[in-house]
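Numbering (full-length UniProt numbering), first residue to last: 1 to 87.
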């Protein structure tokens, strides 16, 4: 599977049955080419349309299943929710 294919998939948390959003980025270990985490933008700031200040950084081992359209994860959202985006 290519990274561009991951970006087209919606992420759903199986613990809460909540849609987290679509994969925006992937964290990779350069030396071995291993995917460490997927990054999903958090909720929008104003009226659901203006920017994202936060993001979910979901470790790859928390992914339970990757389907044709969705990625199902098993995470505690409070633990993977980052308050600030890295530069």
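From the three backbone atoms N, C-alpha and C, an ideal C-beta is built for every residue, glycine too.
query	result
Start and end residues, beta strand (DSSP E) containing residue 28	25 to 29
Under 7 angstroms between C-beta atoms of residue 56 and residue 6	no
Whole-angstrom distance between residue 32 and residue 74, CA atom to CA atom	25 angstroms
Identified DSSP bridge partners for residue 55	41 and 82
Local Cβ density within 10 Å of residue 70, reported as buried at 16 or more and exposed below that	exposed
CB-CB length for residue 12 against residue 26, believed under 8 angstroms	Actually they are not in contact, since the Cβ atoms of residue 12 and residue 26 sit about 18 angstroms apart, beyond 8 angstroms.
Residue 15: first and last residue of the uninterrupted beta strand (DSSP E) it sits in	Segment: none, residue 15 is in no beta strand (DSSP E) and carries neither H nor E.
7 angstroms Cβ cutoff met for residue 23 and residue 34	no
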